[in-house]
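J.: The structure is given below, and queries will be raised subsequently.
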Amino acid sequence: MSPLLCVALLLTVTCHGDTQQTSLPVVQTRLGAISGRMLTAKNGRQYEAFRGIPYAKPPVGDLRFSKPQPQPPFDQGRFDASEFGKMCWQQLSDPGNVDVSTMSEDCLSLNIFRPVATSTGSSQRDLLPVFVFIYGGAFVRGSSSVFDPSQLVTEGNFITVTLNYRLGAIGFLSTGDSRLAGNYGLWDQQLAITWVKNNIQAFGGDPGHMTIGGQSAGAVSVSFHTLSSFSKGLFSKAIMQSGSATSTGALQREPLQNLLNLARDVSCPLPGSSLPSGAVSSDQDLLNCLRKVSPQELMTVRNAGKTLAVSAIQIVFAPSVDGEIVAKDPADMIKEKEYLTQIGFYERDYLSGCVNNEGAFFYRQVQALTGNVSYITNPDLYDRDLVPFLIESRFGRSSSSAEEVLKFFYTFPRYPGTTQLDLKSVLDTVGDALFYVPVIEFARAVARGQRSDRRNLVYLFEHYPAFDVIGDLGTPHGGDLIYEFDLNRPFIGNASLWTSEDEHLRNVFISTISGFVKTGNPVTQLQSYLQDRWRDFDLSDESYLSIKSDSLMLQNHLHATTASVWIDLLPALLDPAAVYEERLNEAKKALTVDTTTIAPLLRGKTLEVGLFLNVSMLSVTPTRSQITSTTSPLPVVQTQLGAISGRMLTAKNGRQYEAFRGIPYARPPVGDLRFSKPQPHPAFDQGRFDAGEFGNVCWQKSTSMSQATGWIMSEDCLFLNVFRSSGTSRRNLLPVFVFIHGGAFLGGSSDIHIVGGLVTKSSSIVVTLNYRLGALGFLSTGDPTLPGNYGLWDQHLAIQWVRENIQAFNGDPDKITIGGESAGSASVAYQTLTPLSRGLFSRAILQSGTATSSWALQRKPLDQAQKLALNLTCPSPRSTTSTGDAAINADFLSCVRRASPQQIILASSQETTLARAALDFVFVPTVDGEFVMKNPADMLTDTEYLQQIGFYDRDYLSGCVNNEGGLLSSLVLQFMPNDSVILKEEFYDLDLVPLLIEQKFGNTSAVVEEVVRFFYTYPRYSGSRTLDKRQVLDTAGDPGFYVPLTEFARAVARGRSSARRNLVYLFEHYPTYFSDGYLGTPHGYDLMYEFDIDWFVLNTSLWTADDDHLREVFMSVILDFVKSGNPQVLLSSSLQDGWTDFNLIDESYLSIKANSSSIQHHIRPHETSLWLDLLPTLLDPAFDQTNHSTSHLPTLSELIG
């Protein structure tokens, strides 16, 4: 229960329906006769109340700061229990506004309530179950007189006991050792429970059928009692509402320091200091002084110098480890099954739960302290005050990494201009730390050793009360008490908003509590509401009951992800770094041994490329879609290089188009031109060239695709192909689309993309091209000897050729769009980022890849060159720091130029782990200072550089399919008989995750790997060793595709002029012709909706009308963008307001589906923030284990003035 609510309750006079007395109920106990009162509940039923019964001697004088002493027999053998005893001294924030006459140190009393006509005989059949309830109040306030259990007693037909216990410094002051052991409030409760056990039979209660329960600090107290050896056999059931012993702040971690601070505040001598007499103060002097200080002074709050979070949440005087009633840290106790067995922990039934807005505790506190709840959502106060405090309170220490991770999981992504955080996110941060996570921890502890005849029930009270000011976020902390006890209606806020639903929910919740107290199994009481039995919380499905006003439903895994943040991730991040690294390295060594067993499978295998796909299962028949017309005259165009003759082809749709194939745009890159920039092709011999067939394919590993198509591989492969519709008018120049194939920069060819549908559907010209691949295209020593990027230079020269010659084909050189898919898309990004492309093209299309894709940049080119040299027995290149090194590199260059292409390809293969074999493409673009000026991630954030190179002078269309990670499955199938290996924890944790991080950032760390593993695959529950396929594929898909897409679109948005487009899409289709189609469209499959190819449709009967319609839509998107930069025509029926540009505020994108397209916002926002915000921060060398902010953190008094 929130302290604020408790204060209101405590300051209200509570009447429990006194009835005109005719005969007082009297019971005879061991201490003497106790007389009570007959009371009437709100439901009109009578019950008996015995209030203010003392269970201990007054803890005053020398008994202050001591264990309670049992109450002796009553004077004259009787006690009048007609009224509540005084409440224990409360924490005072403003003593002037509190009636201290209601408080006393002589407060250790309890109250017993029982139904009328209870038998007091000795027969066990007549004895009633007993419920002992311990109030909450953060261990600093609260009173048993607040809680009227009349409805529980009269409707549940059992006995209820409430009790007082010492609070604050009076109840929990400690030196942390035997000098002043502390926990007096817990000892008070324990003595009260023992009193009930010994005396309750006199009231008709069953001492063998006792349940203890509590809410908030009361629930924490109950938890401590279940973990204490002193409680063995004392009670048989326990109820914990919103709290357990591992709740943040429930354990005092520095009791001695807290005591010394208090001693200074009340002017008591510290041990070792000088006394007025000249003597040196001792421990006893300090204790004597503290025993003389007035209780009012001991209980006065001192918030001077404290921040808002500390003032609102910190419980200074709480239970502490004393080696006796709290044997050790409860976080350790709940994990020790042997200890729990010894103390009888598993011999009880348990019911535990929370309300659905526990974090409202923080809201109430801030409201009471400052009157300004906007402080709650202030990002600076959240980041630098609340988050560090919660972590330190829970774990006893914090770190910048842990804090950054916690901020991320609750409040990221944060977009530009964010000045306030989401209120629910902040309240959930508090709610998890203080309530939800501790309840889950406790339930798991029970489950680990639960007996089959005992219950372990968990619930979530899910109600949204209209009468509460923040009821739209759920029932606030402590709000469930209104549905359990007959609390006064003023605590409901606006009583007129209490509805019949609230009344019904009260009946349900009372039935839940009473059913558990009576039998340990509330199903009987709830059978009219709950169809299925209430299953126990176990370690596999972690069942809990969702309690709502209109339904009861079993759910699984309460607050699963965020609970795992606190229980699994943060402790790992707070481990000493050396310990953590050592543990991980040991695991990696084990993986290395394992990989030697799969190395023979990898050795000699060829990576099927073209589209990064398993083309061994494809049916490739190029002639089917490119039927040559034998009757039409050959088309001929006159270019600067000479006449070019082509062929008339017939597309799948029956229309004819003209094809000019295999046009050379560069000299053959052989001999001294190998590993050099391409040289423009000279004029054709005899002034003409027959472009009737595709040219040679650039060298790559032999694949099933090359075998199926009869590819001829050669270094003389730098050809392009021009396609245009038949009968193209010579009057109007046509827009041009230059498409660059994908294939991981190590495979693929321009002849596999059949463009008949694109060309005949719209008046556009399409160009495809070859470029050098693998080591022949991207080998680099990282210096001028071999700068690399020859494949990019090839593409660039081809685009230049198109610009200079396309007008001869009736193409418009000022309306050139370049596009590509996968590695082709990454190539397009590189072309947009080089200063060499300024003015070369006006639009760009990027499909599934950019220059910042995790696989698209080689960060260590020299290392790869040295491995190649070793395999070729060439001189090993070095970093050119001297003339001698340069000479060695020149020898290396001469050697690799002498090697045959086959030798180079074979030498490019390396034995490695499975993830690296599948995803580490080795020979890809690298920073050369000329074509690739610097790291693409840096270029994309350098608006001045982008402005200079004309980056913002173009229109952009970029997107992805909705299962980009499906690429991982396809590539693994090149090496393994099936892809089940990717679901194994060993592969994922120790192979895939480190690789992806290294690829994306150039380095990794144990912390970052842990965060990535956690983000995608936690919580991992007991007994499960196989990961979810969607999670694994998403892990690969995000850094490879989705995140780079957002990076690129944001770069465009930062400097885009209003006249240019920045369009983003997500191709969201679930094809039925593919076994994993339920996960979405795999990487590369969008090409079947753009080109005349159907490689992956193994069962054509599963290609549906939806697929045909989607092909029409997607083709229109591409062609409309090429023509005008504004693809609206076919989408107009779906998009009334048009396709809005991606900007830095709402990040709009088009969701393309078969039957509808719609504007959405923020593609995978949390995942994007992980890779762009959190991980770079954690990898930053300047980001150490200390709080890196040096600005002043305001105190509470500074905030409120």
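Mind the numbering: the sequence shown is residues -17 to -1, 1 to 1184 in mature numbering (1 follows the signal peptide of the UniProt record, and there is no 0), read in order. Every residue gets a Cβ at the ideal spot worked out from N, C-alpha and C, and that includes glycine.
(1) Bridge partners for S257 per DSSP, in chain order?
(2) On the three-state DSSP scale, how would you describe N361?
(3) Taking the straight line between their C-alpha atoms, what separation do you get for R1039 and I1101?
(4) By DSSP, does L1102 sit in helix, in strand, or in coil?
(5) If V115 sits next to V179, beta carbons under 8 Å apart, how far is it from one beta carbon to the other, in whole angstroms?
(6) Contact between the segment 390 to 406 and the segment 1123 to 1135: three or more CB pairs below 8 Å?
(7) Please return the same chain residues whose Cβ sits closer than 8 Å to the Cβ of S529, not counting the five positions on each side in sequence.
(8) Any idea if T458 is buried or exposed, counting beta-carbon neighbours within 10 angstroms, 16 or more meaning buried?
(9) Which class does P1164 belong to by DSSP, given the choice of helix, strand or coil?
(10) What ranges does the alpha helix (DSSP H) occupy inside the segment 778 to 842, keeping only unbroken runs of at least 4 residues that lie completely in it?
(11) Could you name the residues of the same chain whose beta carbon sits closer than 7 Å to that of V429, not counting the 5 residues immediately before and after it, in chain order?
(12) For P132, does the count of other Cβ atoms within 10 angstroms reach 16, so buried, or fall short, so exposed?
(13) Is the CB-CB distance between G119 and G44 below 7 Å?
(14) From what residue to what residue does the alpha helix (DSSP H) around F218 run?
(15) Among residues of its own chain, excluding the 5 on either side of R880, which ones have a beta-carbon nearer than 6 Å to its beta-carbon?
(16) When DSSP builds the beta bridges, which residues end up paired with H1144?
(17) Would you report the Cα separation of P605 and A989, rounded to the nearest angstrom?
(18) Indicate whether the contact test is met: 3 or more Cβ pairs, each with one atom in the segment 159 to 166 and one in the segment 120 to 131, closer than 8 Å.
(19) Specify the secondary structure class of L242 as computed by DSSP and reduced to three states.
(20) Under 8 Å: do the segment 716 to 728 and the segment 902 to 913 share three or more Cβ pairs, one atom per stretch?
(21) With DSSP collapsed to three states, give me the class of N539.
(22) Which stretch, first to last residue, makes up the beta strand (DSSP E) that contains F392?
(23) What are the start and end residues of the beta strand (DSSP E) that includes I195?
(24) Does E1097 come out as helix, strand or coil in the three-state DSSP assignment?
(25) Considering only the alpha carbon of each residue, which of Y393, D305, A343 lies closest to P1148?
(26) Can you check whether the C-beta of R367 is within less than 7 Å of a C-beta belonging to chain C?
(27) Are there 16 or more other CB atoms within 10 angstroms of the CB of R423, so buried, or fewer, so exposed?
(28) Consult DSSP for T283 and reduce its assignment to one of helix, strand or coil.
(29) Whose CA, out of K1106, E1073, D1103, lies closest to the CA of D1090?
(30) Unbroken beta strand (DSSP E) runs of length 3 or more, entirely within the segment 705 to 749: which are they?
(31) Just list the residues that DSSP pairs Q847 with in beta bridges.
(32) Does the distance from the CB of F96 to the CB of T143 come in under 7 Å?
(33) Is DSSP giving N597 helix, strand or coil here?
(34) Entirely within the segment 51 to 75 and at least 3 residues each: give me those beta strand (DSSP E) ranges in chain order.
(35) Within 10 Å of its beta-carbon, does V994 have 16 or more other beta-carbons around it, so buried, or fewer, so exposed?
(36) Report the three-state DSSP secondary structure of P651 (helix, strand or coil).
T.: Taking the definition as stated:
(1) In the DSSP assignment, the residues bridged to S257 are V263.
(2) It is coil, neither helix nor strand.
(3) Cα-Cα distance, rounded: 21 Å.
(4) Correct three-state label for L1102: helix.
(5) Between V115 and V179 the beta-carbon gap is near 6 Å, inside 8 Å, which marks them as a contact.
(6) Here the segment 390 to 406 lies against the segment 1123 to 1135, with 3 or more beta-carbon pairs under 8 Å apart.
(7) The beta carbon of S529 sits closer than 8 Å to those of Y442, L443, E445, L535, M536, L537, Q538, all from its chain and outside the five residues before and after it, given in chain order.
(8) T458 is classed as buried because its beta carbon has at least 16 other beta carbons within 10 Å across all chains shown.
(9) P1164: coil per DSSP, three-state reduction.
(10) Here the runs fully enclosed are 806 to 816.
(11) Once the five neighbours on either side are set aside, the close Cβ partners of V429 are Y333, N439.
(12) Residue environment: P132 is assigned as buried (16 or more neighbouring CB atoms within 10 Å of its CB, all protein chains considered).
(13) Contact check for G119 against G44 fails: the beta carbons are separated by 7 Å or more.
(14) Careful: F218 lies outside any alpha helix (DSSP H) and carries neither H nor E.
(15) Excluding sequence positions up to five before and after R880, its CB lies within less than 6 Å of the CB of R657, all in the same chain and listed in chain order.
(16) Note: H1144 sits in a beta bridge opposite S1131.
(17) Model confidence at P605 stands at a pLDDT of 40, short of 50, so the residue's coordinates are unreliable and nothing is read from them.
(18) Fewer than three pairs of CB atoms, one per stretch, sit closer than 8 Å, so the segment 159 to 166 makes no contact with the segment 120 to 131.
(19) In the structure shown, L242 sits in a helix (DSSP, three-state: H, G or I).
(20) Three or more Cβ pairs closer than 8 Å define a contact, and the segment 716 to 728 meets that threshold against the segment 902 to 913.
(21) DSSP places N539 in strand when its eight states are reduced to three.
(22) Premise fails: F392 lies in the alpha helix (DSSP H), 383 to 394, not in any beta strand (DSSP E).
(23) From DSSP, the beta strand (DSSP E) with I195 extends over 188 to 198.
(24) Note that residue 1097 is Phe in the sequence shown, not Glu. DSSP, read as helix, strand or coil, puts F1097 in helix.
(25) Checking every option, the nearest Cα to that of P1148 belongs to Y393.
(26) Among the chains in the structure shown there is no chain C, since it carries only a single protein chain.
(27) A small correction: the amino acid at residue 423 is Ile; Arg does not occupy that position in the sequence shown. Burial of I423 is indicated by the presence of at least 16 other C-beta atoms within 10 angstroms of its C-beta.
(28) In the three-state reduction of the DSSP assignment, T283 falls in the strand class, which pools E and B.
(29) Of the candidates K1106, E1073, D1103, E1073 places its Cα closest to the Cα of D1090.
(30) Counting only runs of 3 or more, we get 717 to 723.
(31) Paired residue(s): none; Q847 is not in a bridge.
(32) F96 is a Cβ neighbour of T143, given a cutoff of 7 Å.
(33) Interpretation of N597 is limited by its pLDDT of 36, a score under 50 that renders its predicted location unreliable; no figure is taken from the coordinates.
(34) Within the segment 51 to 75, the complete beta strand (DSSP E) runs of at least 3 residues are 61 to 63.
(35) With 16 or more other Cβ atoms within 10 Å, it is buried.
(36) Correct three-state label for P651: coil.
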